[in-house]
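Numbering (the working numbering), first residue to last: 1083 to 1535.
In this text, a Cβ means the ideal position worked out from N, Cα and C, and glycines have one as well.
Since the model is a prediction, treat every value here as computed from it, not as a measurement.
Just below is one structure, and these are the notes that go with it.
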Ligand SMILES: Nc1ncnc2c1ncn2[C@@H]1O[C@H](COP(=O)(O)OP(=O)(O)OP(=O)(O)O)[C@@H](O)[C@H]1O
Ligand SMILES: [Mg+2]
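Dropping the structure here:
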């Protein structure tokens, strides 16, 4: 039951969409279906006046005869014997077998009353055909059962002629919509269950553990204000979002209190997972705890740090590693922490990041700062992050909630394991609001109190 409710919670959009589609389809079908009218005439089958035997046994035999005869009349109504004369009389452009599809006849159990119903797209036509069919039945039955004396033991009378129906019998709008609703609900649930089974993306810390057996260091919520205010240290940052980076900082400090990891490399499986934003905000959060921190941009292929932090992209890592500048020449200042951007884009980023010179640069930075945070390209695209990972104390893997697939996360970890990198945990980025997790509390600006949900 809980699984079922969770499925509805996760996939309610697809369920609602399928229901809306199915109901719209049913409504359209109802609208496009031409209306069908049904007219019914009622016939009464009685004992005729053939036998002249008024004794009890004579009447009993006649009643028995009528009752046994009447059972075959519904089939008789649909036969060419009855319908051909109707077609001829009314000048219809059809055949008896086609008309038989529009005719139904029934005798209620234990009675001698027979209903003959005719369906047509025209209400008046339905009534006309029903009445003509009833009239034909009266004369055909009498002809069929006429004895040698010229009289029939059975007499059929029209007791209720068909009248022109005022409303159609088909389509039934409410029934079609109801069928559409239930069909949509069933289909939606089946579709949702299928998507849930096929979805291998990481959505929770449990998924992370299942995929790579690493702890989730923090879950960063999606912050819609990130383009205008990308740093937690800038005034007015979303408090829930800022708290998630503080949690990352705290959890990193818990990993090995005796030998704190001072150089931290941030990478992920694929482009756009949020490596750069995580690295920038990790550096800003570390700086908030009165530590000297430098952010190093080791994504030399698509550098974005300068744009995010409003710095110059002209000089940076490339100049230092190639020996053309010193750290002092390239270091810039952001909100509470220092930054070395990528600098000019080199033709051989992997070689630069795997070089002794890059390693020496990191060691020099560790002599000046408490922490070095390194932003890198994605693992599954290029080897840059893996080669740079050999120069640091700890590697943090960023996964994008509901996007990064378990196998992609595993592949990234395999690449890092292959170079013996010390991968310490995963940051689950872009967690949708309302998806649960420990960061889930709201800030009430009016009272200034955080309320745990
Ligand atoms: N928690 C978040 N809330 C809202 N937007 C986010 C969040 N994390 C990342 N983004 C947005 O997603 C986009 C990609 O983020 P970012 O540049 O940090 O990813 P990346 O992994 O460094 O990408 P690349 O591999 O291209 O370097 C950016 O526009 C960023 O603002
Ligand atoms: Mg990036």
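Could you check the C-alpha separation between residue i and residue j for me, to the nearest Å?
i            : j            : result
residue 1335 : residue 1483 : 24 Å
residue 1521 : residue 1109 : Caution applies to residue 1521, whose pLDDT of 43 falls short of 50 and renders its modelled position unreliable; the value that the coordinates give is listed next. Residue 1521 and residue 1109: Cα-Cα distance of roughly 44 Å.
residue 1445 : residue 1347 : 14 Å
residue 1455 : residue 1277 : 38 Å
residue 1189 : residue 1235 : 19 Å
residue 1524 : residue 1325 : Per-residue confidence for residue 1524 stands at a pLDDT of 38, beneath the threshold of 50, marking its modelled position as unreliable; the derived number appears in the next sentence. For residue 1524 and residue 1325, the distance between alpha carbons rounds to 11 Å.
residue 1465 : residue 1475 : 18 Å
residue 1328 : residue 1364 : 8 Å
residue 1308 : residue 1431 : 28 Å
residue 1449 : residue 1333 : 24 Å
residue 1284 : residue 1092 : 13 Å
residue 1267 : residue 1289 : 28 Å
residue 1513 : residue 1306 : 12 Å
residue 1175 : residue 1096 : 49 Å
residue 1197 : residue 1216 : 9 Å
residue 1392 : residue 1486 : 29 Å
residue 1302 : residue 1254 : 52 Å
residue 1083 : residue 1279 : 17 Å
residue 1292 : residue 1331 : 23 Å
residue 1153 : residue 1183 : 19 Å
residue 1081 : residue 1390 : Since the displayed the chain opens at 1083 and closes at 1535, residue 1081 lies outside it and no answer follows.
residue 1146 : residue 1173 : 38 Å
residue 1265 : residue 1281 : 24 Å
residue 1113 : residue 1090 : 31 Å
residue 1507 : residue 1107 : 49 Å
residue 1488 : residue 1481 : 9 Å
Cα-Cα, which of the options is closest to residue i?
i            : options                   : result
residue 1171 : 1188, 1295, 1210 and 1449 : 1210
residue 1411 : 1417, 1188 and 1422       : 1422
residue 1504 : 1450, 1428, 1513 and 1473 : 1473
residue 1272 : 1256, 1477, 1459 and 1099 : 1099
residue 1299 : 1292, 1293, 1459 and 1287 : 1287
residue 1394 : 1371, 1424 and 1407       : 1424
residue 1103 : 1269, 1364, 1289 and 1320 : 1269
residue 1451 : 1373, 1414 and 1407       : 1373
residue 1263 : 1105, 1162, 1511 and 1165 : 1105
residue 1158 : 1199, 1219 and 1173       : 1219
residue 1085 : 1275, 1163, 1125 and 1147 : 1275
residue 1357 : 1459, 1225, 1125 and 1194 : 1459
residue 1222 : 1441, 1259, 1371 and 1168 : 1168
residue 1337 : 1296, 1321, 1224 and 1428 : 1296
residue 1416 : 1242, 1260 and 1369       : 1369
residue 1434 : 1399, 1463 and 1407       : 1399
Please find out if some non-hydrogen atom of ligand 2 comes closer than 7 Å to the beta-carbon of residue i.
i            : result
residue 1386 : yes
residue 1488 : no
residue 1358 : yes
residue 1466 : no
residue 1381 : yes
residue 1457 : yes
For ligand 1, is there any heavy atom lying closer than 7 Å to the beta carbon of residue i?
i            : result
residue 1315 : no
residue 1252 : no
residue 1302 : yes
residue 1309 : yes
residue 1339 : no
residue 1398 : no
residue 1424 : no
residue 1320 : no
residue 1392 : no
Chain B beta carbons: is any one of them nearer than 8 Å to that of residue i?
i            : result
residue 1322 : Given the protein chain composition of this structure (a single chain), no chain B is represented.
Measuring from the CB of residue i, is there a heavy atom of ligand 3 at a distance below 7 Å?
i            : result
residue 1512 : With respect to small molecules bound, the structure shown includes ligand 1 and ligand 2 and not ligand 3.
In its own chain, which residues sit with a C-beta less than 6 Å from the C-beta of residue i, not counting the 5 before and 5 after it?
i            : result
residue 1436 : 1469
residue 1343 : 1475 and 1476
residue 1128 : 1237
residue 1461 : 1349, 1351, 1467, 1494 and 1497
residue 1155 : 1196
residue 1239 : 1126
CB-CB under 7 Å to residue i, same chain, minus the five flanking residues each way: which ones, in chain order?
i            : result
residue 1088 : none
residue 1186 : 1199
residue 1388 : 1394, 1395 and 1423
residue 1116 : 1203
residue 1214 : 1168, 1171 and 1172
Ignore the nearest five residues each way along the sequence and tell me which others in residue i's own chain have a CB closer than 8 Å to its CB.
i            : result
residue 1251 : 1118, 1119, 1120 and 1201
residue 1457 : 1348, 1357, 1358, 1361, 1362, 1377, 1378, 1379, 1380, 1381 and 1387
residue 1148 : 1127, 1128, 1129, 1194, 1235 and 1236
residue 1413 : 1376, 1420, 1421 and 1422
residue 1438 : none
Per the contact definition of three or more C-beta pairs closer than 8 Å, is the stretch 1487-1500 in contact with the stretch 1401-1418?
no
Pair every Cβ in the stretch 1235-1250 with every Cβ in the stretch 1196-1212, then say whether three or more of these pairs are closer than 8 Å.
yes
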